[in-house]
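Novice: Just so you know, we're using UniProt numbering here: the first sequence kicks off at 1 and counts up by one.
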Amino acid sequence: MIEPKLLHLPILEWYENNARDLPWRTPDRTPWGVLVSEIMLQQTPVARVLPVWHEWMARWPTPKALAAEPSGEAVRAWGRLGYPRRALRLHACATAITERHGGEVPSDHATLLALPGIGEYTAAAVAGFAFGGRHAILDTNVRRVFARAVRAEEYPPTATSAAERHLAEALLPELGAPRWGVAVMELGALVCTARAPRCEGCPIAGVCAWRLAGKPPHAGPARKGQTYAGTDRQCRGRLLAVLRAAHGPVPKAALDAVWEDAVQRERALDGLVADGLAQVLEDGTYCL
DNA sequence: TATACGTGGCT
DNA sequence: TAGCCAAGTAT
């Protein structure tokens, strides 16, 4: 096990000088702003989140404000961030916060975890970044940095392992855990990237086990790629784009026009309705 | 544990 | 250019 200080000091100093100025990190950030950013950032790059996050904060500065509007408005305002179920869950989250927590984002990890759309990572991130709680942050960036620096492997395992959690816990500093977490994330996002890592600019290059081992390429089987073209997901995306663009009920013909395969199209549309992302009105038209 | 779930930029 | 990849969660 590497001496934690050998990682802490260089990474924290690097973060001090290289952190991006992101609006959810400013001193005047709110827990709600942090929560919204974390949900939006799930599987979505910062650059695409930025403008939408600003729109949401201006329109819904509090959980109560979002909860006061129909969930369809959240889905529409989600725009093209992808995985629109997150918008639905964020709306449900705002409703739960309003009804169960007096409109205040909870600071406790377990309480956060019980909210819709919030899993292990997001609960730790909100508890840490918004409230200073001491929790291990274990997202894809942190997992990659640790895999390389400590385990000498190019990529972490497909699923988060107990060993990874133990390592993250072991490296957690007594003081300043949130800053440590965000610093490692930032290092993974800007330097220790998945492809073409910039080891020249890495503050821990001198102690990185993977680099010292000669950067051996990933051994195991190739990681399963995400197919998209022709899938139900693509079909759902097409259908939802039509509903988002329209500000009134949409005749079914308008949906039929964007996907050839009728069987797949019906299945996708039923799925959207079942998920609560789309609604069927009495006259057979559709809306968010 | 494996799978479903959007979207678009980058190499 | 086709695939890889991005601050995951729910089932």
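Yeah, the Cβ is synthetic: ideal placement off N, Cα and C, and Gly gets one too.
For V52, which residues does DSSP report across the bridge?
Specialist: Paired residues: none, contrary to the question.
Novice: On the premise that L81 lies in contact with T140, defined as a C-beta separation below 8 Å, what is that separation, rounded to the nearest angstrom?
Specialist: Not confirmed; about 17 Å, so no contact.
Novice: Can you name, in chain order, every residue of its own chain whose Cβ lies under 8 Å from the Cβ of L12, other than the five neighbours on each side?
Specialist: Within the same chain, and ignoring the five residues on either side of L12 in sequence, the residues whose Cβ sits closer than 8 Å to its Cβ are G176, R179, W180, A183.
Novice: Three or more beta-carbon pairs under 8 Å between the region 74 to 88 and the region 41 to 56, yes or no?
Specialist: yes
Novice: Under 8 Å: do the region 25 to 33 and the region 194 to 202 share three or more Cβ pairs, one atom per stretch?
Specialist: Under the Cβ criterion (8 Å, minimum of three pairs), the region 25 to 33 does not count as touching the region 194 to 202.
Novice: Any idea which residues DSSP pairs Q279 with across the strands?
Specialist: C287
Novice: Give the single residue among H247, Q264, H166 whose Cα lies nearest to the Cα of G72.
Specialist: For the residues H247, Q264, H166, the minimum Cα distance to G72 belongs to H247.
Novice: Would you kindly work out how many angstroms separate the C-alpha atoms of V242 and L255, rounded to a whole number?
Specialist: 7 Å
Novice: Spatial neighbours of L113 within its chain, please: C-beta separation below 6 Å, excluding the five flanking residues on both sides.
Specialist: A123
Novice: Where DSSP assigns a beta bridge to V126, which residues make up the other side?
Specialist: DSSP output for V126 lists no bridge partner at all.
Novice: Just mark E104 as buried or exposed, buried being the case when its beta carbon has 16 or more other beta carbons within 10 Å.
Specialist: exposed
Novice: Count the C-beta pairs between the region 2 to 16 and the region 198 to 209 that are closer than 8 Å, then say yes if the count reaches three, no if not.
Specialist: These segments touch.
Novice: Short of 7 Å in beta carbon distance, which residues of its chain neighbour C235, apart from the five on each side in sequence? Order them along the chain.
Specialist: W259, Q264, R265, A268
Novice: Helix, strand or coil for V250 per DSSP?
Specialist: Secondary structure of V250 (DSSP, three-state): strand.
Novice: Any idea if L212 is buried or exposed, counting beta-carbon neighbours within 10 angstroms, 16 or more meaning buried?
Specialist: exposed
Novice: Which class does A194 belong to by DSSP, given the choice of helix, strand or coil?
Specialist: coil
Novice: Under a Cβ-count criterion, where at least 16 other Cβ atoms within 10 Å of its own Cβ denotes burial, should H109 be classed as buried or exposed?
Specialist: buried
Novice: Within the continuous alpha helix (DSSP H) that includes R29, where are the two ends?
Specialist: Run containing R29: none; DSSP gives neither H nor E here.
Novice: Determine the direct distance from the alpha carbon of P116 to that of Q279, and round the result to whole angstroms.
Specialist: Approximately 20 Å between the Cα atoms of the pair.
Novice: For A77, report the span of its alpha helix (DSSP H) as first-last.
Specialist: 71 to 77
Novice: Would you call the CB atoms of L272 and L240 closer than 9 Å?
Specialist: yes
Novice: Sorted by chain position, which residues of the same chain lie with C-beta nearer than 8 Å to P84's C-beta, five sequence neighbours on each side aside?
Specialist: Only V75, W78, L240, L277 meet the Cβ criterion.
Novice: Can you give the beta carbon distance from F131 to S107, rounded, assuming they're within the 8 Å contact cut?
Specialist: For F131 against S107, the beta-carbon gap comes to about 4 Å, under 8 Å, which counts as contact.
Novice: What does the alpha-carbon distance come out to for the pair A92 and P156?
Specialist: 32 Å
Novice: Within 10 angstroms of its Cβ, does R148 collect 16 or more other Cβ (buried), or is it exposed?
Specialist: buried
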